[in-house]
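S.K.:
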Amino acid sequence: MSMDFTELAKQVATDGVVSPSELQSLRQLGWGDGKIFRNEADAIFAINNAVTHPTPEWTDFFVEAIGEFVLNGTEPRGHCDEDEARWLIQSLDHDGKLDSMTELELLVRVVEKAQNVPVLLKNYALHQVEQAVLTGTGPTRHGGDLSATHISAAECRIVRRLIFASGGHGPAAVTRYDAEFLFRLKDETVQEENAPQWDELFVDGVANFLKGFQLQNAQVSHERMTELESFIADNKASVGRFMGAMAKEMPEVRNHFGKVFGKKSGGQDYAALEAAGAEVTDYEADWLEDMINADGEIDDLERALLARITEEG
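Per my numbering: the sequence shown = residues 57 to 369.
(1) On the premise that Ala263 lies in contact with Ile40, defined as a C-beta separation below 8 Å, what is that separation, rounded to the nearest angstrom?
(2) Run through the stretch 240 to 271 for me and flag every whole beta strand (DSSP E) of 3 or more residues, listed as ranges in chain order.
(3) Is it true that the CB of Leu361 sits closer than 7 Å to the CB of Lys242?
(4) Less than 7 Å separating the beta-carbons of His206 and Gln171?
(5) Roughly how many angstroms separate the alpha carbons of Glu161 and Arg216, rounded to a whole number?
(6) When the distance is taken between beta carbons, is Val259 closer than 7 Å to Leu218?
(7) Are the CB atoms of Ala106 and Val68 nearer to each other than 7 Å?
(8) Report the partner residues of His135 according to the DSSP bridge assignment.
(9) Is His206 helix, strand or coil by DSSP?
(10) Rounded to the nearest angstrom, what separates Asn273 and Phe239 at their Cα positions?
(11) Please report the distance separating the alpha-carbon of Arg232 from that of Ser81.
(12) Does the distance from the C-beta atom of Ile92 to that of Ala65 stay below 7 Å?
(13) Taking Cβ to Cβ, would you say Pro195 is nearer than 7 Å to Ser156?
(14) With distances taken from CA atoms, which of Ala341, Arg94 and Trp343 is nearest Asn128?
(15) Nearest to Pro252 by alpha carbon, out of Arg213, Thr115 and Asp234?
(16) Helix, strand or coil for Lys153 per DSSP?
(17) List the whole-angstrom C-beta distance separating Glu158 from Phe118, where the pair is believed to meet the contact cut-off of C-beta under 8 Å.
(18) Would you tell me roughly how many angstroms separate the C-alpha atoms of Glu211 and Glu367, rounded to the nearest one?
(19) Quick check: what's the CA-CA separation for Ile354 versus Glu244?
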């Protein structure tokens, strides 16, 4: 890291402003070698903590630079491991809370763009939104001037991006944790004037958990992806061994190559899996009954959810 990073961090700490020329210098220094390193990422966080009025240009740079470090700073690219997730949370949570929409946008963008992220990172992001709704303060609020139990349009957009993100449990796969999070928000705000987007978000999210299907190998872990990339890099590895490893790890690969070479696939029947996933199991029905009965009554959103499930069969 050049001393320019350190000097700029000190300067911004004094005046709280990043000028266009300073931002341009940061871009040139940060990507001069095509990579963001940990000490550079730490310096960028220090600058962000000192900026009093972040501009859209600074926000774009901050989100892009830190996202590049978290997702592509180490192999395999596009993945965030436990250490990187904990570093990011600690950097964001340095004063015990998430301070700005800039920081929240970084968090959401990492989960969106990643091939996989640890569960703790996605849950941390959802917790930030939940706290904002319950307390009226946080990065999505302005000093608590909105009702503590009001769900804003911005919060609806953030939650939708998080629960359907590719880096979460699986692309467009809502987990039980996500669904229970949605129920908690609903129960706390059922009498409030929430954003119009909230009703559809609640129904879409919970219905996806109940009627969606998730492949066991929908995502490859950080550790397994590292092994696969090492295997690919081994020029002694045979094509047969490679295809066997990939087919075992990601069944859709086997299905694809079977079509290319005219072989009948012995892989999973995805249509059957989807049909099975669309069936609400006894476990899911019991879970839903418990969630609806938690407050002793059926509200309008729960009626809309039941109607959606019935309509889709």
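All C-beta atoms in this analysis are idealised placements derived from N, C-alpha and C, irrespective of residue type, glycine included.
M.R.: According to the structure shown:
(1) Nothing about residue 40 can be reported from this structure: the residues present for the chain run from 57 to 369 only.
(2) For the stretch 240 to 271, not a single whole beta strand (DSSP E) run of length 3 or above is found.
(3) In this structure, Leu361 does not lie closer than 7 Å to Lys242 by Cβ.
(4) Not in contact: His206 and Gln171 (Cβ atoms no closer than 7 Å).
(5) In this model, Glu161 and Arg216 are separated by some 13 Å (Cα to Cα).
(6) Cβ distance not < 7 Å, so Leu218 and Val259 don't count as in contact.
(7) Contact: yes.
(8) In DSSP, His135 forms a bridge with Asn172.
(9) Coil, per DSSP.
(10) Per-residue confidence for Asn273 stands at a pLDDT of 44, beneath the threshold of 50, marking its modelled position as unreliable; the derived number appears in the next sentence. Distance between the alpha carbons of Asn273 and Phe239 is about 28 Å.
(11) Their backbone Cα atoms lie some 45 Å apart in a straight line.
(12) No. Outside cutoff.
(13) Cβ distance < 7 Å, so Pro195 and Ser156 count as in contact.
(14) The option with the nearest alpha carbon to Asn128 is Arg94.
(15) When each option's Cα is compared against that of Pro252, the closest is Arg213.
(16) Here Lys153 carries a coil assignment [DSSP, helix/strand/coil].
(17) The amino acid at residue 158 is misidentified as Glu; the sequence shows Thr. Between the beta-carbon of Thr158 and that of Phe118 there is about 6 Å, and that keeps the pair under the 8 Å contact cut.
(18) The straight-line gap from Cα to Cα measures roughly 28 Å.
(19) Roughly 14 Å between the two C-alpha positions.
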